[in-house]
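See structure below.
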Amino acid sequence: MEIYFAQLLNGLVYGMLLFLTAAGLSLIFGLMNVVSLAHGSFFMLGAYIALSVTRQTQNFWLALLIAPALTVAIGLVMERVFMRPLYRRGHLDQVLLTFGFTFVFFDAVRWIWGSDIRKLAAPEALQGSVEIAGGMFSTYRLFLLALGAGLALILWLVMERSRLGAMVRAGVDDSAMAAGLGANIPALFTGVFGAGVALAALGGVAAGPVLGLYPGMDGDILIPSFIVIVIGGMGSLRGAFVGSLLVGIADAFGKAYVPALSMFLIYLLMAFFLLVRPQGLFGIKGGVAPAGMVVAVGMAFNRPQLARMLSLVALLVLAAFPLFVADYHRTLVSEIFVFAIFAMSLDLILGYTGLPSFGHAGFFGLGAYVVIVLGSLFGLNGWLGLLVAIPITALAAAVIGFFCVRTSGITFLMLTLAFSQLLYSIAFKWRDVTGGSDGIGIAGRPTLFGWSLDDPLALYYMTFFFFVLCYLGLRRLIASPLGHSFVGVRENESRMRAIGYATGEYKLLAFTIGGTLAGFSGGLYALFNGFVSPEALHWSASGDVLIMAMLGGAGTLVGPVIGAAVFLLMKNLVSSWNDHWMMIIGVVFIACVMFFPGGIWGMLRDRLARARA
Amino acid sequence: MLEIDRIDTFHGESHILRGVSFDVAEGEVVCLLGRNGAGKTTTLMSIMGYLVPRSGAMRLRGRSIAGLPSHQIARAGVGFVPQERGIFPSLTVRENLTVFARTTPGARWTLDRIYQVFPRLRERERNLGFQLSGGEQQMLSIARALMLNPDLLLLDEPSEGLAPMIVNEIVEVMRGLKKEGLAILLVEQNLHTALAVADRHHVVNKGEIMFTGTSAELEADESVKSRYLAV
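Just so you know, the sequences run in chain order C and U. Residue numbers for the first sequence follow the working numbering, so the first one is 1187 and each next one is one higher. Residue numbers for the second sequence follow the working numbering, so the first one is 291 and each next one is one higher.
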């Protein structure tokens, strides 16, 4: 009995911490339709700033006040200066902008405080423990419980009982109408954003003595918070509260009784709610999202002859390139080929069909693991592994797609993210097969007609060949009636449905094809890299490939290729002379989202079109 | 009160309003009449700042309101009652009335006075916005705009989709407001309602004003009625 009670209490404590993040995330989404991926970063910043404050003052309570205040100041600068100009653009731009900031904040934390795990000391008054119902509980945890419950109550009172709360609710209901009655919506949003950041930062400080501090704690709180919102319903405070407690309790009992499956339990919970109640428990605006999620519009390059000539030149240059350079460059360009396929496969889903997937790395990593695991367990030849990876990732994409394509917009984004994290946790937990966090190496690379792939030159031509093959195949697909249907779904789904297209099936098909191709590129990556670890499936890898596609220009085939090249070149070049490549990429990426909404390729094409006109 | 001077408004690339000009004097009820898609609602959207005209001028009490954000136009003294009523579904009736109210002491409209004029709203005070009938929603939307104590009320087809009895009630409300000297810009498709309330009429077609005149002049002009109105 006491044991159950103890787990329940632990679950409630974790649930309260989740609530502090999820509440802000949910309110910000409800009012402005913005999902802030940087919300986890504010949790992290709050905790680290508190670390410095307590070190200076030895006073936890002071830190509990100062750290959120400083974090709010940072958050408000981000909202006012960077997010505000983007409100009139699509959601995806805002998601990507905040993703760029997660890079910057992550690197800043590593820079200032280092990468070691730290712990915030609980205040002395709360360091003991208390006996309840025969069990001992740390006073600090009880304090967290009271703090969370108290804040939830205050939040509820403000939202339901005050005029300010009524204004926020009115804005969530219909922001245009509220503006027409005199509500200053931008100011209201700044206020809600600030309050959300304050809650997240406060949660970070409060969690410090329990969960510890480390770079990466941002993602560790963000993902469960997303699941909370998917379960509880978007934009609903009550949903965030109930969802947080459910996830917290499921997590605590999972860790205690089925440790091997503990990470899945909350995903199972999510899948269950999705099947039973897709809009979430208290959802008010579940699947609402305009069709025009994606900024870039696929405008065909209208000089076929020039294009063909340029392609031929590019092909010849790329074929001759490795003969004149060192192995380092050969390897780098091979990697670009692999990631170019990966980015193009995402673009089929994102740019052409208009579905903002944030979990694409799941399929990439799955493909890579299939090749390496089958090789190491059964001695399967790498080429055969690559072949087997195709149906396996296709199946995974079809199953995950089945759940995801019922939703759209931000919900779709969060779901794909959650499913890829599920795959991540399988790779992480299934140590016997996957090697867990250490990763697993390839048993032996296959040969290319007797030419060993250990030779970078062979590797180069192998990846080059598959890149060209995939590029041509995708180009043909996009020009086909099926490809046009995908674009039709993106442009106007309801009209497509009205003229007789089963749009859900088209979305599922696009998702499955894209996922399969991603799995194939993952298989190639396994052959190329000779090693895979759970990092390949992590949500930040999904973010990277999203950056590649958007940076280059979504909704085109050339764009993602350019994006992959720029991203990897930057990562390699910058990391060779500076440790802070994440910071630099983050900043470059923020600038790109703000100033070149169509991506690099989109900008080049606009310039060309204008020069011609 | 309100002067609209040759405004041109676009929806994306399509040119909706073409040089629309009219004005509303203090205490006057002016009606914009026309069929669906004539540009009536677009005119209100332009006044409220939801759409920004590419050219032309708009003045409220002599002060330019072109390019101002919607909330500043509302605060400058315009009460907006949109076609779809815009009731906040998760707020109670009372919250809908008070949330953005501008009732300084001595103001003409207070919650008590609203409840006198619209007794039905007092009965429904604790109901949520989505629990109201169409007529109640319309009343609430008008009452909510009055709670801003505006100098000018914009009404977008207040009689649309309502039962004849409720339409009569709303006409009575509008007449009462007129008697108090409130300036109203009414958008209507229904000639009958327009004639029952307004002093002057502008008939709009394809984004241009085709006719301007008093109720008597409009009633006498058979060709305008048959060409531009669904009579």
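Backbone N, C-alpha and C fix where the C-beta goes; we use that ideal spot for every residue, glycine too.
Item: Contact check, S1324/C vs S1315/C, beta carbons under 8 Å; Value: yes
Item: Span of the alpha helix (DSSP H) around T299/U; Value: Careful: T299/U lies outside any alpha helix (DSSP H), inside the beta strand (DSSP E) at L292 to H301.
Item: Environment of I1786/C [buried if 16+ CB atoms lie within 10 Å]; Value: buried
Item: Candidates L292/U, L411/U, L323/U and F312/U: closest to L508/U by CA position; Value: L323/U
Item: DSSP-derived helix/strand/coil call for H1766/C; Value: coil
Item: 8 Å Cβ cutoff, H301/U in contact with chain C; Value: no
Item: For N495/U: DSSP bridge partner residues; Value: E498/U
Item: Alpha-carbon spacing of F1672/C relative to S1348/C, whole angstroms; Value: 47 Å
Item: Proximity below 8 Å, CB of K496/U to CB of A328/U; Value: yes
Item: Extent of the continuous beta strand (DSSP E) run through L1570/C; Value: No beta strand (DSSP E) holds L1570/C; the alpha helix (DSSP H) holding it covers G1568 to C1590.
Item: Check whether A435/U and G369/U have beta carbons under 8 Å apart; Value: yes
Item: Residue of R1327/C, L1713/C and V1519/C minimising C-alpha distance to Y1646/C; Value: V1519/C
Item: For A1684/C, the first and last residue of its enclosing alpha helix (DSSP H); Value: E1679 to A1684
Item: Proximity test, Cβ basis, 8 Å: R1349/C and chain U; Value: yes
Item: V1281/C, enclosing alpha helix (DSSP H) - first and last residue; Value: H1277 to W1299
Item: E318/U CB to nearest heavy atom of the ligand SAH below 7 Å; Value: Of ligands this structure carries none, so the ligand SAH is not represented either.
Item: For D441/U and A473/U, believed in contact at Cβ under 8 Å, the rounded distance; Value: 6 Å
Item: Buried/exposed call for E462/U, threshold 16 Cβ in 10 Å; Value: exposed
Item: Residues near F1753/C by beta carbon distance below 8 Å, same chain, minus five either side; Value: F1525, D1730, I1733, M1734, L1737 and I1771
Item: Extent of the continuous alpha helix (DSSP H) to which F1697/C belongs; Value: T1689 to N1715
Item: Cβ pair P1642/C, D1513/C closer than 8 Å; Value: yes
Item: Status (buried if at least 16 other CB within 10 Å, exposed otherwise) for N1196/C; Value: buried
Item: Nearest-angstrom Cα separation, counted from A1704/C out to F1697/C; Value: 10 Å
Item: Range of the contiguous beta strand (DSSP E) that encloses R349/U; Value: S345 to L350
Item: Collapsed DSSP secondary structure at W1725/C in the structure displayed; Value: helix
Item: Span separating the alpha-carbon of L334/U from that of E426/U; Value: 23 Å
Item: Inter-stretch contact at 8 Å, needing at least 3 Cβ pairs: the segment 1407 to 1424 of chain C / the segment 1231 to 1245 of chain C; Value: no
Item: Contact under 8 Å by Cβ, I1586/C with F1605/C; Value: yes
Item: Stretch pair the segment 1447 to 1466 of chain C + the segment 1493 to 1513 of chain C: three plus CB contacts closer than 8 Å; Value: no
Item: Selected residue, minimal CA-CA separation from I1318/C, among Y1657/C, G1405/C and A1192/C; Value: A1192/C
Item: Chain C contact residues for L438/U, given Cβ-Cβ distances below 9 Å; Value: L1367 and G1368
Item: C-alpha distance - I1748/C paired with R344/U, whole-angstrom precision; Value: 38 Å
Item: R1355/C versus F378/U, F501/U and S449/U, residue with shortest Cα-Cα distance; Value: F378/U
Item: K1693/C versus Y1711/C: straight-line alpha-carbon distance, rounded; Value: 26 Å
Item: Buried or exposed (CB count within 10 angstroms, at least 16 for buried), Y1200/C; Value: buried
Item: Residues that DSSP places opposite F420/U in a beta bridge; Value: Answer by DSSP bridge pairing: none, since F420/U is not bridged.
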